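Notes to accompany the following structure.
Protein chains in written order, with the numbering used here: chain C, 1 to 976; chain X, 1001 to 1241.
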């Protein structure tokens, strides 16, 4: 670390820094030392301002790495912030108290023991995993701990606080991605058509390259264009600007995700202009990864956006006019330019190159950097060797060397075409511009600016206007005359075809993310992976955090040359979202997780209920502490059997089936008959699908000739409702079906004392057994609340289901609990209800049935109407009646009281074969023994047959088949 | 310091979120057999908040529905004004909204005066009848108890909705009286634009059993706009302009 850091940093420049606010100093820490910067600084700019050039350690060799792009397009600046790994230091802005640490080192950041890995790099060849683990199984035992220790970037805290992320929809007619000159021009033009335009830019300040790049010696061209374009955007009243927002993908039908801060936006625009610019490409030479070696645009960003001097003495490697512009930038801040090394043998004389010549700077034309030097620790560049270019990728012996603390690379660009490619655009390599250029772009998408091969500032703006016009027209806007087509012959002077210069000693990095050198790719191709996609997977080129933004083009060039293929016929590897790293938190968002609560939900909580999910409903499982679960369930069962208790049955499905054809409709939907069911009576309903498989059950309550109130299972009612609507769309019966599940709250008051409790609350219904018998249904009031009452017997005792409108549910519960105090009424939960119904031998659909169970297997032929012509699944049920049964649901008990109670899904074995499974089993509090239901072989379905059950640990126990129900077989208790 | 004199838990009809409004400091009054939060300490303050970003619980106010063959004709026969378009709500003489969810389905919500007069009249008029064959007049739907009723108000409401709903509810895209039957915070819901004077406002009708969840989700989404619950009194003031 730098020992002394002045406020704002010793490398801070006066009067520059468009993004920083010098009136707002900010202090944060990096590797335990305090660092001072200004509001608007990124971590990287503040560190550079303070002389801290090494920001991270590389993935494999732990080499020191510093600023490369200053725009978050590379993995050189990944740092750890608290529990968040892999933050981009050149994008993340500083904040007071921010604690930043380096990552990927052993020991200390400055003296990383991991750096010695590079010494053994020859033992880590390309395709290391393929070669090492292909055959020798023992090698994994040796390498596993090493690989695990070395793998990954940063540290994840599994106990990290769950951050707040959310999502939001955006709406626009035209979306413009990119706030540079092309994007600004496109937005302003599109806005003229009157639609809504959304301009999305990843930077905090609109203008893109106009904020830092130099297009002429005076710098006026950028200022002028910036002013004009920004004014046009501001003047339009229908452009919404989103800065600091990254479009991470482009999907079908113009669906784009936008990440800003912790929010994930979702936008579907009618038309999209992609003005994402281009990505400056590094040159490949020995030690090209040293801190202090950066893209020319990165240095310009440091100077103009953050007011940071990138170095005191620079060497510029260039192949275009931009390198000369950068030389002027450096001169204007008082830095020295040792030399300009131009890859071109005969660079054109331009205004910028002439200005550089006037400044007395030596230009090495037709030359390249052969090697960069360091002081042994690789922490910063200290000089370079310059050599003439002898051929494609070949250098003569060095002819000069220069001391320097800064090397700028400005050798060309590659279009930032990721979004267009994701959307299906076709790009092809141009031998004229030496860049990939768009050939086909899907309808509704338009490209403008350097992503479309336009580099001249005037042409960029013109291209933007044309794209904006076309997008507005596609979006249905009223547009004026079509702007002229744009072509930029100057684009051919931007990118060098082969800025790759291998060195005899190696160390020329093609992929900084994965520490891949030139020879690694050559060896990978020699190993047979001579296709770009194959080489990518074998060598991992382009698979690091920056996803090949700086390595993909070089890799394609190398593959083309090594395999003798035409570069123009090749493409870069498939581009997949996200364009920049996005967090799981962004994808997860706010995590909406709807749930349903009954009207009595809070009463259950107040009573100490342990709640359990039933679909998205919450139901009380039992009342009392978890440690006393069994005791609570037992006592709840006993209360129902001996006294009185109540259970919340609000989640039970409820369907109002009304109309002249209501009875006929139920006849078709369910297995029983309902045409002659008397008003005021209820009947069991069993539903099968067309294959005859049992899908649901409940009761149908007839409240009038044309009105049935049909119950369904909690989890099944929505499917039942859908099925009813679907069938009646064909049948066209005069019936209306309404799912009123949530509209009614319900309690079942059950037990031999239930009638005397209910009588205190219900004066308008005669509750006597004669007037209101078992399976009767009535409408009246309970505690002054309008109610539907059902005498049903699911738990096998005298009981009344009381269904009231939801809004009255809690008041009903309160009233019943209060009325039942003399009898000691208590609540019971789902677990006790399951025990009670099992004692009565009632099935639960989907627990005691599965996706294949038919009425014959479930031993429910009593629920099948014999005479009616049709019900859904009836034909299949008839066919299955003639086929041999494969299994049958029976009741069973264990005669040996010492045997443990089987669990659901324990297997039933016969002759060594699996013939069935236990579906339900409990230690019955009412009967004092284990009772259960199981699928058994049909030959064993008769009462007193013995069955073998395989329980935990593979132990076999014997059960005995018994006739259902286990409890009160004559049904007298429920009919009291 | 004034204290509430009416408590929801003393009423037979209870809002599914009465505990939430109570925690937020509601001062309720009895309407339609239940307790409706009238304000949260100050009607004036509620009104200011409501103009920017507020949410009111109207779940106990009268609301009902009718659906099935003959519904529209029968309701028109009862004097209701119902236009031909589905997904539009039609204002009645008394300020009630007849929201046409489908060609033969109406969700009827009372005016903010909450007299319930029209709904009582309709409930009294509907019956099975004795004619054979019976004249088809649709069927009443228990909307009072199937749906919670919230009203989301204020200039920030459209942007807040964009955080929980994919439909563009901005006033220049979603006209007065328009209905969206859509997904809100991952659950089904009905949104009806029903401005209060010049203030954008939306009726929000959703599954009563998920009301606590939805109330929490909306409040959470309102957070960045400094939104909070407001009472019925503020809605009435905003409606008066």
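Every residue gets a Cβ at the ideal spot worked out from N, C-alpha and C, and that includes glycine.
Just so you know, these numbers come straight off a predicted model, no measurement behind them.
Chain C within 8 Å of residue i, Cβ atoms only
i: residue 1146 of chain X; result: yes
i: residue 1091 of chain X; result: no
i: residue 1016 of chain X; result: yes
i: residue 1029 of chain X; result: no
i: residue 1053 of chain X; result: no
i: residue 1110 of chain X; result: no
i: residue 1222 of chain X; result: no
i: residue 1113 of chain X; result: no
i: residue 1202 of chain X; result: no
i: residue 1128 of chain X; result: yes
i: residue 1208 of chain X; result: yes
i: residue 1194 of chain X; result: no
i: residue 1012 of chain X; result: yes
i: residue 1168 of chain X; result: yes
Anticipated Cβ contact below 8 Å, residue i with residue j, distance rounded
i: residue 1199 of chain X; j: residue 1051 of chain X; result: 5 Å
i: residue 1265 of chain X; j: residue 1026 of chain X; result: With chain X covering only 1001 through 1241, there is no way to say anything about residue 1265 of chain X.
i: residue 1148 of chain X; j: residue 1227 of chain X; result: The Cβ separation is near 18 Å, so there is no contact.
i: residue 258 of chain C; j: residue 246 of chain C; result: 7 Å
i: residue 301 of chain C; j: residue 71 of chain C; result: 7 Å
i: residue 1098 of chain X; j: residue 1080 of chain X; result: 5 Å
i: residue 901 of chain C; j: residue 921 of chain C; result: 5 Å
Beta-bridge pairing of residue i - partner residues as DSSP gives them
i: residue 469 of chain C; result: According to DSSP, residue 469 of chain C bridges with nothing at all.
i: residue 404 of chain C; result: DSSP, once it has assigned bridges, lists no residue as partnering residue 404 of chain C.
i: residue 294 of chain C; result: C/408
i: residue 36 of chain C; result: C/27
i: residue 736 of chain C; result: C/658
i: residue 1150 of chain X; result: X/1057 and X/1204
i: residue 511 of chain C; result: C/516
i: residue 648 of chain C; result: C/747
is_contact[residue i, chain X] using C-beta, thresh 8 Å
i: residue 715 of chain C; result: no
i: residue 657 of chain C; result: no
i: residue 807 of chain C; result: yes
i: residue 711 of chain C; result: no
i: residue 2 of chain C; result: Residue placement at residue 2 of chain C is poorly supported in this model, since its pLDDT is 41, which falls under 50; the coordinates still yield a value, given next. Answer no: the Cβ-Cβ gap between residue 2 of chain C and chain X never drops below 8 Å.
i: residue 167 of chain C; result: yes
i: residue 239 of chain C; result: no
i: residue 784 of chain C; result: yes
i: residue 766 of chain C; result: no
i: residue 478 of chain C; result: no
i: residue 660 of chain C; result: yes
i: residue 704 of chain C; result: yes
i: residue 244 of chain C; result: no
i: residue 598 of chain C; result: yes
Residue i beta carbon near the ligand NAD (any heavy atom closer than 7 Å)
i: residue 536 of chain C; result: Ligands are entirely absent from the displayed structure, and the ligand NAD is therefore not among its contents.
- Count the CB pairs spanning the segment 237 to 249 of chain C and the segment 215 to 229 of chain C that are closer than 8 Å, and state whether there are at least three. no
- Item | Whole runs of the beta strand (DSSP E) within the segment 826 to 900 of chain C, excluding any shorter than 3 residues | Listed in chain order, they are 888 to 893.
- Is it a yes or a no for the segment 65 to 85 of chain C touching the segment 538 to 555 of chain C, going by three-plus beta-carbon pairs under 8 Å? Contact between the segment 65 to 85 of chain C and the segment 538 to 555 of chain C is present, with at least three C-beta pairs closer than 8 Å.
- Just list the beta strand (DSSP E) runs in the segment 107 to 186 of chain C, keeping only unbroken ones of 3 residues or longer that don't cross its boundaries, in chain order. 166 to 170 and 174 to 177
- Task: Pair every Cβ in the segment 374 to 388 of chain C with every Cβ in the segment 515 to 532 of chain C, then say whether three or more of these pairs are closer than 8 Å.
- Result: No: fewer than three Cβ pairs fall under 8 Å.
- Message: Is it the case that the segment 686 to 704 of chain C contacts the segment 731 to 751 of chain C, given that we only count it when at least three CB pairs across the two stretches are under 8 Å?
- Response: no
- 4-residue-minimum alpha helix (DSSP H) runs that sit fully inside the segment 537 to 621 of chain C, ordered along the chain: Segments of the alpha helix (DSSP H) lying fully in the segment 537 to 621 of chain C: 552 to 563, 584 to 588 and 601 to 606.
- Message: Runs of 3 residues minimum, wholly inside the segment 769 to 826 of chain C: which ones carry the beta strand (DSSP E) assignment?
- Response: 777 to 782, 785 to 790 and 799 to 805
- Message: Check whether the segment 297 to 313 of chain C and the segment 325 to 334 of chain C touch, using three or more Cβ-Cβ pairs below 8 Å as the test.
- Response: yes
- 4 or more residues per run - each alpha helix (DSSP H) lying fully within the segment 421 to 507 of chain C: With a minimum length of 4 residues, the continuous alpha helix (DSSP H) runs that stay inside the segment 421 to 507 of chain C are 457 to 474.
- Message: In chain order, what are the residue ranges of uninterrupted beta strand (DSSP E) at least 3 long that sit wholly in the segment 684 to 733 of chain C?
- Response: 694 to 704 and 707 to 712
- Item | Runs of beta strand (DSSP E) lying entirely within the segment 284 to 360 of chain C, each at least 3 residues, in chain order | 293 to 295, 313 to 318 and 336 to 342
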